[in-house]
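Chains as they are written, first to last, in our numbering: chain A, 3 to 420; chain B, 204 to 234.
See below for the structure under consideration.
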């Protein structure tokens, strides 16, 4: 019995669904650390975009978009960066091509931009680099956002960037598109595999994280032509490894260190903390691997997966050949087909007392838990190179459509090589 | 590539140390 308890989670089935409460529990870490921001679920009760009314996103659409993001990540890893130039006037004619896809972009933070400060909610994304927000005037189209669109002409700390600057030259690696010129000002363009895009001026502006953490002259995209999956939010905070990313630009203050916790429920906030303040002593580290030259992803080396205390029989080359990365914007973990097959088989065997039901979208292993008050599920742990063993939280195993359709939140890639 | 997604990251403390070239994990990061 002791062994079973160690290797499994026993949870209330009712806790799998979002709380019906409209209250919001704030992260103590984000409330007490000076370089820390509250992380909220974009559609949750804690989101300032939601007016306290939790919404139920369309799960099938979220998973469809998640697959689009994964497809574009694979494409980005397998191709050299594009060097197309973009121009503001032609931007709506840009073909949709593989790039970093936003996907459902579930988690947001609020940062202050400009002087005086404008609080803007940005999707935070470790899978891309350029920070951008919608700007006035919209020369073509802007999508609806909750907060007022940033107006650079009303900020005393805003500067356009010259197209001869090094920063403009860095756009190729940060966005996949070289910058171009408009009256000597640098124009950026970033487009996504689902036809979302942002085009505008590369600019410098004051960023205010908290009252004590303020940065002048941060490069960002002031987008005057934006379309896509961003409805409600003001833009995106790029946390990748490229030199134009926010962590790289604030390296003198934070040494490219940041940490976060994604909340388990839409009625809680997590934190995004820059610098090493408050990092747990129990953190286990694994080296960042270079997954492909020229990309700014955070690469990981998966060594093994354990289900219910049992290591899955997966040859190490199954993981090492394609490599792996961590991404705050991808929803469902993707595994090489052989690894996913082993995980699914072991998980189903250990869940055999619960009835199975039909799959949804990319998720094919689902259970009907409607007849149960509690459920005992096997623990899942990932081992990474360097000896880090990461046991997933109980909320990190299932994706819940409804109590009668609770699915294993993993999917297989289509090909062992990707 | 395999991708470690955000459902699996929930409640973990995830630490990115770009200068040190490492990523770290700890349990109960939101509490």
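Note that the Cβ used here is the ideal one computed from N, Cα and C, for glycine as well.
Just so you know, these numbers come straight off a predicted model, no measurement behind them.
Exercise. Can the beta-carbon of residue 338 of chain A be found less than 8 Å from the beta-carbon of residue 321 of chain A?
Worked result: As a position in the first chain, residue 338 of chain A is number 336, starting the count at 1. As a position in the first chain, residue 321 of chain A is number 319, starting the count at 1. Yes, the pair counts as a contact, with Cβ atoms nearer than the cut-off.
- Query: Can you name the residues that DSSP bridges to residue 190 of chain A?
  - Reply: As a first step, residue 190 of chain A must be located in the first chain, where it is residue number 188. Assignment of beta-bridge partners to residue 190 of chain A by DSSP yields A:202.
is_contact[residue 249 of chain A, chain B] using C-beta, thresh 8 Å:
In the first chain, counting from the first residue as 1, residue 249 of chain A sits at position 247. For residue 249 of chain A, the answer is yes, since a Cβ of chain B falls inside 8 Å of its Cβ.
What is the C-beta distance between residue 36 of chain A and residue 210 of chain A, in whole angstroms, given that I count them as a contact (C-beta under 8 Å)? By 1-based counting over the first chain, the position of residue 36 of chain A is 34. By 1-based counting over the first chain, the position of residue 210 of chain A is 208. Between residue 210 of chain A and residue 36 of chain A the Cβ distance is about 12 Å, and since that is not below 8 Å, they are no contact.
Is the CB of residue 29 of chain A under 8 Å away from at least one CB in chain B?
-> Translated into the one-based positions of the first chain, residue 29 of chain A becomes position 27. Chain B, which has a Cβ nearer than 8 Å to the Cβ of residue 29 of chain A, makes this yes.
Exercise for review: Quick one: grab the DSSP three-state call for residue 119 of chain A.
Suggested key: Translated into positions along the first chain, residue 119 of chain A becomes position 117. Here residue 119 of chain A sits in coil by DSSP.
Quiz item: Is any heavy atom of the ligand ADP found at a distance shorter than 7 Å from the C-beta of residue 370 of chain A?
Solution: Absent from the structure shown: the ligand ADP. Ligands present: none.
Exercise for review: Could you check what DSSP says for residue 84 of chain A in three-state terms: helix, strand or coil?
Suggested key: Taking the first residue of the first chain as 1, we reach residue 84 of chain A at position 82. Only weak support exists for where residue 84 of chain A lies, its pLDDT of 44 falling under 50; the value from the coordinates is given anyway. Coil, per DSSP.
Going by DSSP, name the residue or residues bridged to residue 162 of chain A. For this step, residue 162 of chain A is matched to residue 160 along the first chain. For residue 162 of chain A, which the question treats as bridged, DSSP gives the partners A:205.
- Residues that DSSP places opposite residue 137 of chain A in a beta bridge: The residue labelled residue 137 of chain A in the question sits at position 135 within the first chain. Looking at the DSSP assignment, residue 137 of chain A forms a beta bridge with A:152.
*What is the DSSP secondary structure of residue 13 of chain A, counted as helix, strand or coil?*
One-based indexing of the first chain puts residue 13 of chain A at position 11. If DSSP states are grouped into helix, strand and coil, residue 13 of chain A belongs with the strands.
Handout entry: residue 266 of chain A versus residue 298 of chain A - alpha carbon distance
Key = Taking the first residue of the first chain as position 1, residue 266 of chain A is located at position 264. Taking the first residue of the first chain as position 1, residue 298 of chain A is located at position 296. For residue 266 of chain A and residue 298 of chain A, the distance between alpha carbons rounds to 27 Å.
- Counting contacts by CB-CB distance shorter than 8 Å, is residue 11 of chain A in contact with chain B? On the first chain, residue 11 of chain A is found 9 positions in, with the first residue counted as 1. No, because no Cβ of chain B sits closer than 8 Å to the Cβ of residue 11 of chain A.
Next on the checklist: Strictly by DSSP, which residues pair up with residue 289 of chain A?
Outcome noted: In the first chain, the residue the question calls residue 289 of chain A occupies position 287. Answer by DSSP bridge pairing, in chain order: B:225.
Worksheet item: Of the residues that make up the stretch 260–271 of chain A, which ones have a beta carbon closer than 7 Å to any beta carbon in chain B?
Response: 260, 261, 262, 263, 264, 265, 266, 270
ask   = Counting contacts by CB-CB distance shorter than 8 Å, is residue 101 of chain A in contact with chain B?
value = To locate residue 101 of chain A, count along the first chain from 1; it is residue 99. At residue 101 of chain A the pLDDT is 34, less than 50, meaning the model places this residue with poor confidence and gives no usable figure here.
- Cα separation between residue 34 of chain A and residue 316 of chain A? Taking the first chain and counting its residues from 1, the one referred to as residue 34 of chain A is at position 32. Taking the first chain and counting its residues from 1, the one referred to as residue 316 of chain A is at position 314. Taking the straight line joining both Cα atoms gives about 43 Å.
| task | Please determine if the stretch 205–214 of chain B and the stretch 255–272 of chain A are in contact, where contact requires at least 3 C-beta pairs separated by less than 8 Å. | result | yes
DSSP three-state label for residue 380 of chain A, please. As a first step, residue 380 of chain A is located in the first chain; it is residue number 378 there, counting from the start. Three-state result, residue 380 of chain A: strand.
- Task: Kindly say whether residue 389 of chain A, judged by its beta-carbon, lies nearer than 8 Å to any beta-carbon of chain B.
- Result: On the first chain, residue 389 of chain A is found 387 positions in, with the first residue counted as 1. It does not; no Cβ of chain B falls within 8 Å.
* Ends of the beta strand (DSSP E) at residue 407 of chain A? -> Numbered from 1 along the first chain, position 405 holds the residue referred to as residue 407 of chain A. Its beta strand (DSSP E) spans residues 407–410.
### Message
Contact defined as beta carbons within less than 8 Å: I believe residue 127 of chain A pairs with residue 330 of chain A. What is the distance between those atoms, to the nearest angstrom?
### Response
The count along the first chain starts at 1 and reaches residue 127 of chain A at position 125. The count along the first chain starts at 1 and reaches residue 330 of chain A at position 328. Between residue 127 of chain A and residue 330 of chain A a beta carbon distance of about 6 Å is seen, short of the 8 Å cut, so the two are scored as contacting.
Residue 76 of chain A (DSSP reduced to helix, strand or coil): Reading the first chain from its first residue, position 74 is the one you call residue 76 of chain A. Three-state result, residue 76 of chain A: helix.
> Does the stretch 300–318 of chain A come within contact of the stretch 268–284 of chain A, defined as at least 3 CB pairs closer than 8 Å?
Replying inline: no
| message | Would residue 348 of chain A and residue 407 of chain A be called neighbours here (beta carbons separated by less than 8 Å)? | response | To locate residue 348 of chain A, count along the first chain from 1; it is residue 346. To locate residue 407 of chain A, count along the first chain from 1; it is residue 405. No, the Cβ-Cβ distance between residue 348 of chain A and residue 407 of chain A is not below 8 Å.
For a cutoff of 8 Å on Cβ pairs, would you count residue 161 of chain A as touching chain B? Taking the first chain and counting its residues from 1, one reaches residue 161 of chain A at position 159. Chain B, which has no Cβ nearer than 8 Å to the Cβ of residue 161 of chain A, makes this no.
Can you check whether the C-beta of residue 405 of chain A is within less than 8 Å of a C-beta belonging to chain B? Indexing the first chain from 1 puts residue 405 of chain A at position 403. Not closer than 8 Å to any Cβ of chain B, the Cβ of residue 405 of chain A fails to qualify, so no.
Check your understanding: Closest Cβ-Cβ distance between residue 326 of chain A and chain B: below 8 Å?
Key -> Numbered from 1 along the first chain, position 324 holds the residue referred to as residue 326 of chain A. With 8 Å as the cut-off, residue 326 of chain A counts as an interface residue toward chain B.
query = If you compare alpha carbons, which of B:227, B:234, B:232, B:222 is closest to residue 252 of chain A?
reply = Position 250 of the first chain holds residue 252 of chain A. Residue 252 of chain A has its Cα closest to that of B:222, out of B:227, B:234, B:232, B:222.
Practice problem: Below 8 Å on the Cβ atoms is my guess for residue 346 of chain A versus residue 410 of chain A; work out the distance and round it to an integer in Å. | Solution: Numbered from its first residue, the first chain carries residue 346 of chain A at position 344. Numbered from its first residue, the first chain carries residue 410 of chain A at position 408. Sure, about 7 Å apart at Cβ, within 8 Å.
Query raised in the report: Between the Cα of residue 387 of chain A and the Cα atoms of A:333, A:399, A:325, A:371, which residue gives the shortest distance?
Result: What you label residue 387 of chain A is simply residue 385 of the first chain in a count that begins at 1. Taking the Cα of residue 387 of chain A as reference, the smallest distance to any Cα among A:333, A:399, A:325, A:371 is reached at A:325.
Review point. What residues of chain B sit near residue 380 of chain A, judged by a beta carbon separation below 8 Å?
Key: Working through the first chain from its first residue, we reach residue 380 of chain A at position 378. Within 8 Å Cβ-Cβ: nothing; residue 380 of chain A doesn't reach chain B, min ~14 Å.
Output needed for residue 147 of chain A: all residues of its chain with C-beta closer than 7 Å, excluding positions within five of it in sequence on either side, in chain order.
One-based indexing of the first chain puts residue 147 of chain A at position 145. Same-chain partners within the cutoff: 136, 234, 235, 236.
*Whole-Å CB distance - residue 68 of chain A paired with residue 367 of chain A, under 8 Å assumed*: Here residue 68 of chain A refers to the residue found at position 66 when the first chain is read from its first residue. Here residue 367 of chain A refers to the residue found at position 365 when the first chain is read from its first residue. In fact, because the Cβ distance is near 16 Å, the residues do not count as touching under 8 Å.
- So, do the stretch 108–125 of chain A and the stretch 137–144 of chain A have three or more beta carbon pairs nearer to each other than 8 Å? no
Open item on the list: Which of the three DSSP states is assigned to residue 228 of chain A in this structure?
Closed with: Numbered from its first residue, the first chain carries residue 228 of chain A at position 226. Reduced to three states, the DSSP call for residue 228 of chain A is strand.
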